[in-house]
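Q:
Residue numbers (my numbering): 1444 to 1589.
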């Protein structure tokens, strides 16, 4: 009985263990700008695209080609959207804000949706260059100094 209790205690403690690598703060994406309270469209949004490596976020474009990142929570997956997404606004306007819903065409049969948890301006021009490009730039500048 004591062995069984010890084994159970060990299993319980190991289940509570945390991985410190998971707790390391993530480096913020340099493309993400300031948070906005809402985005408004002239009838509909112009287009959208998923963000590579983020399955709970997508970028929407308004008619002026302004880009906004939507942080999502829920059961939808923008990476699986094929042709379209739909938004459900809680208000009577053509504006999206926190708490509104996003549905993808892949989720419509399952009635899955995501809730918008944050809206941020999106600056794709601020994307970090790959490490090899940075090393090439350093090599070129070192060569020009000779």
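Ideal placement from N, C-alpha and C gives every residue a C-beta, glycine not left out.
Fair warning: this is a prediction, and the values are worked out from it, not measured in the lab.
1) Which residue spans inside the segment 1510 to 1537 form an unbroken beta strand (DSSP E) run of at least 3?
2) Would you call residue 1501 buried or exposed, if buried means 16 or more other Cβ atoms sit within 10 Å of its Cβ?
3) In the DSSP assignment, find the unbroken beta strand (DSSP E) run with residue 1498 in it and report its ends.
4) Within its chain, find whatever has a CB closer than 6 Å to the CB of residue 1555; leave out the 5 residues flanking it on each side and keep chain order.
5) Alpha carbon to alpha carbon, how far is residue 1521 from residue 1482? Give it in angstroms, no decimals.
6) Going by other Cβ atoms of all chains shown within 10 Å of its Cβ, with 16 needed for buried, is residue 1531 buried or exposed?
7) When the cut-off is 8 Å and only beta carbons count, does residue 1522 lie next to chain B?
8) Does the beta-carbon of residue 1572 have 16 or more other beta-carbons within 10 angstroms, so that it is buried, or is it exposed?
9) So, is residue 1548 buried or exposed, given that buried needs 16 or more other C-beta atoms within 10 angstroms?
10) By the three-class DSSP mapping on this structure, what secondary structure does residue 1571 have?
11) Spatial neighbours of residue 1559 within its chain, please: CB distance less than 6 Å, with the 5 preceding and 5 following residues excluded, ordered by chain position.
12) Measure the alpha-carbon distance for residue 1546 versus residue 1567 and round it to whole angstroms.
A: The short version:
1) 1510 to 1517, 1528 to 1531
2) On the chain shown, position 58 is the one that residue 1501 refers to. Residue 1501 comes out buried.
3) On the chain shown, position 55 is the one that residue 1498 refers to. Element bounds for residue 1498: 1497 to 1504.
4) To locate residue 1555, count along the chain shown from 1; it is residue 112. Annotation for residue 1555: 1518, 1519 place their beta carbon closer than 6 Å to its own, counting only its chain and skipping 5 residues before and after.
5) Counting from one through the chain shown, the residue named residue 1482 turns up at place 39. Counting from one through the chain shown, the residue named residue 1521 turns up at place 78. Between residue 1482 and residue 1521, the alpha-carbon positions lie close to 19 Å from each other.
6) Working through the chain shown from its first residue, we reach residue 1531 at position 88. Classification of residue 1531: exposed, given that the 10 Å Cβ count is below 16.
7) Considering every chain present, this structure includes no chain B. It has just one protein chain.
8) Translated into positions along the chain shown, residue 1572 becomes position 129. By the C-beta density criterion, residue 1572 is exposed, having fewer than 16 other C-beta atoms within 10 angstroms.
9) For the purposes of this step, residue 1548 is taken as residue 105 along the chain shown, with counting starting at 1. It is exposed - the Cβ of residue 1548 has fewer than 16 other Cβ atoms within 10 Å.
10) The sequence position of residue 1571 within the chain shown is 128, counting from 1. Shown here, residue 1571 sits in coil according to DSSP, grouped into three states, outside any helix or strand.
11) Numbered from 1 along the chain shown, position 116 holds the residue referred to as residue 1559. If we look at residue 1559 and ignore the five residues flanking it on each side, its Cβ neighbours are 1513, 1541, 1543.
12) Position 103 of the chain shown holds residue 1546. Position 124 of the chain shown holds residue 1567. Their Cα atoms are separated by approximately 24 Å.
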